[in-house]
DNA sequence: GTTTTTGCACTGACCAGTCAGTTCAAAAAG
DNA sequence: CTTTTTGAACTGACTGGTCAGTGCAAAAAC
């Protein structure tokens, strides 16, 4: 995706070049902001890491905040698509709703393994208040959680889940479970395999924690 | 602060006033940093919110970072104590390990309800890298998670939990479950009662999600 | 008399955003 | 095929402002 950048290609000029620059800026920004936070990250740093002049940042994005917001939108878009895909695939394969949740847990882990910095940054900003990009975060959160809530609701309807479960809270809790477990995995035991982590979470998800019954 | 005495250890007077000022500064800082993040929060703001002169901040703390670090230590100390208490009480009452976990979930919720800003701020900083207070965060995280891990381990030993569970990961996941559910609760449905939220999480914890038996 | 707080002026570093100027590939003209 | 023009993309020095931290004399608290 980012490689190459040999010109040619494209029908009408320059478009490709710009896209490549934006991509480089996203990648630079995501790492730096994950490490240091938004305010502590300077535009100069982002430009330098992307191998681009500062002016280029402002040629491509209206401001530092706008760059960040577009980054958020882009990233959560990827996650949401992936979760939806997982749920759909399970349904088509005739799997149960628990299977769907399990597949989504895995999709979440895959995402976090692939984009750890983005995840870090997202978590760090999500519950802040008074920030300009607050609304962007909300919208984007809504989308992702809605997928989980959808599966839970369907499960309640078809009798697979108890009618007494609190869909909203349970969805939050599940997201939190995966999020924190995955971040800890990446931060403190990155050598472990995804399957390994997934197995542990599966067990928890399916209530197979208590002893041999 | 440099060498020697200066620490005349005023038994009655001085201690209290200073302590009160520090407390005011903690409270001001915790709110502001939770809302805006560390870097975006200025020392002038903290002083103003605490109703104190800027010089006082520097009389009481060596720097902005030090103020923040001591804040972290102080806050997590409270949480850890509370979790330990919950586990202990359950044990003394002869409850099972699941009961202990459940009690700890509740203790966590109580803490977050009481100190939502601190929790926000903590989550926002925990997985960052390259920060000066990184080590403080780690130590402090270790303490809290260790309490949960302890209970899980005891549960495995006495046969209440499966031997196959991954203690470390499961502990992370449980912490994440409570953390995210509680933050969402505070942020998006603050009108709900603690009992309500606790009930929903209990259900999840005890695997009573799947249908009517 | 000692500790703590105040108020305020000051400094030096740092940083978001700007803008006049440069680059260069492709289109138009010759 | 060669030369000229065009304009989108990019550059980096510069500006105006902000902020952590200092210094200190005087007041307040103890």
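Chains as they are written, first to last, in the working numbering: chain A, 28 to 240; chain B, 28 to 240. Just so it is clear, CB atoms sit at the ideal spot from N, CA and C, and this is done for glycine as well.
Checklist entry - In whole angstroms, what is the alpha-carbon distance linking residue 161/B and residue 217/A? => result 18 Å
Checklist entry - Would DSSP call residue 65/B helix, strand or coil? => result coil
Item to check | Contact set between residue 211/A and chain B, taken where Cβ atoms lie within less than 7 Å | outcome: 199
Item to check | the region 176-185 of chain A contacting the region 175-189 of chain B, beta-carbon criterion three pairs below 8 Å | outcome: no
Next on the checklist: Taking CB distances under 7 Å as the criterion, tell me whether residue 131/A reaches chain B.
Outcome noted: Chain B contact via Cβ: absent.
Next on the checklist: When you compare the CB of residue 181/A with every CB in chain B, is at least one pair closer than 7 Å?
Outcome noted: no
Next on the checklist: I need the boundaries of the alpha helix (DSSP H) containing residue 109/A, first residue and last residue.
Outcome noted: Per DSSP, residue 109/A belongs to the alpha helix (DSSP H) from 91-119.
Checklist entry - Among the residues of its own chain, which have a CB less than 6 Å from the CB of residue 209/B, if the five just before and after it don't count? => result 136 and 139
Item to check | Three-state secondary structure (DSSP) of residue 193/A | outcome: coil
Checklist entry - Under a three-way DSSP split, which group does residue 142/A fall into? => result coil
Item to check | First through last residue of the alpha helix (DSSP H) which encompasses residue 82/B | outcome: 81-87
Next on the checklist: I'd like to know whether the C-beta of residue 156/A is nearer than 7 Å to at least one C-beta of chain B.
Outcome noted: Residue 156/A belongs to the set of residues whose beta carbon lies under 7 Å from a beta carbon in chain B.
Checklist entry - Thinking C-alpha only, which one of 62/B, 229/B, 66/B and 200/B is nearest residue 225/A? => result 200/B
Checklist entry - Which chain B residues are close to residue 62/A, counting only those with a beta carbon under 9 Å from its beta carbon? => result Residues of chain B whose Cβ lies closer than 9 Å to the Cβ of residue 62/A are, in chain order, 155, 156, 157 and 158.
Item to check | Contact list for residue 203/B against chain A, beta-carbon separation under 9 Å | outcome: 200, 202, 203, 204, 205, 206, 207, 208, 209, 210 and 211
Checklist entry - Using a Cβ-Cβ distance under 7 Å, would residue 92/B count as near chain A? => result no
Next on the checklist: Would residue 17/B pass as an interface residue toward chain A - the criterion being a Cβ-Cβ separation below 7 Å?
Outcome noted: Beyond the ends of chain B as shown, which are 28 and 240, falls residue 17/B; an answer cannot be given.
Checklist entry - Excluding five sequence neighbours on each side, which residues of the same chain lie with their C-beta closer than 8 Å to the C-beta of residue 114/A? => result 127, 130, 131, 174, 177 and 178
Checklist entry - Should residue 214/A and residue 212/B be called a contact, given that it needs their Cβ atoms to be closer than 7 Å? => result no
Checklist entry - Relative to the C-alpha of residue 4/A, which residue among 57/A, 167/A, 83/A and 74/A is closest? => result This structure cannot speak to residue 4/A, because chain A is shown only from 28 to 240.
Next on the checklist: Using 8 Å as the cut-off, can you tell me whether the region 55-73 of chain A makes contact with the region 85-95 of chain A, which would need three or more C-beta pairs spanning the two stretches below that distance?
Outcome noted: yes
Checklist entry - Do residue 46/B and residue 124/B have their C-beta atoms closer together than 7 Å? => result no
Checklist entry - What span of residues does the alpha helix (DSSP H) with residue 76/B cover, start to end? => result Taken as a continuous stretch (DSSP letters only), the alpha helix (DSSP H) holding residue 76/B covers 70-77.
Next on the checklist: With distance defined between alpha-carbon atoms, name the residue in 191/B, 43/B, 231/B and 222/B nearest to residue 133/B.
Outcome noted: 222/B
Next on the checklist: Please report whether the beta-carbon of residue 184/B lies at a distance below 7 Å from any beta-carbon of chain A.
Outcome noted: Under the 7 Å criterion on CB atoms, residue 184/B is classed as non-interfacial with respect to chain A.
Checklist entry - Is the CB of residue 214/A under 7 Å away from at least one CB in chain B? => result yes
Next on the checklist: Taking the straight line between their C-alpha atoms, what separation do you get for residue 203/A and residue 50/A?
Outcome noted: Approximately 29 Å between the Cα atoms of the pair.
Item to check | Exposed unless 16 or more other CB atoms sit within 10 angstroms - verdict on residue 152/B | outcome: Here residue 152/B is buried. Its C-beta has 16 or more other C-beta atoms within 10 Å.
Next on the checklist: Please confirm whether residue 161/A has its beta-carbon closer than 7 Å to some beta-carbon of chain B.
Outcome noted: Chain B, which has no Cβ nearer than 7 Å to the Cβ of residue 161/A, makes this no.
Checklist entry - With a CB to CB cut of under 7 Å and the five nearest residues on each side skipped, what residues in its chain are close to residue 34/A? => result In this prediction, residue 34/A scores a pLDDT of 35, lower than 50, which makes its location untrustworthy; the coordinate-derived value is nonetheless stated afterwards. Closer than 7 Å at Cβ, skipping near neighbours: no residue.
Checklist entry - Which two residues bound the contiguous alpha helix (DSSP H) that contains residue 220/A? => result Unbroken run through residue 220/A: none, as it is neither H nor E.
Checklist entry - Of all the options 104/A, 80/A, 59/A and 78/A, which has the alpha carbon lying nearest to the alpha carbon of residue 169/A? => result 104/A
Checklist entry - Helix, strand or coil: how does DSSP classify residue 182/B here? => result Helix, per DSSP.
Item to check | Separation of residue 56/B from residue 95/B, as counted between CA atoms | outcome: 8 Å
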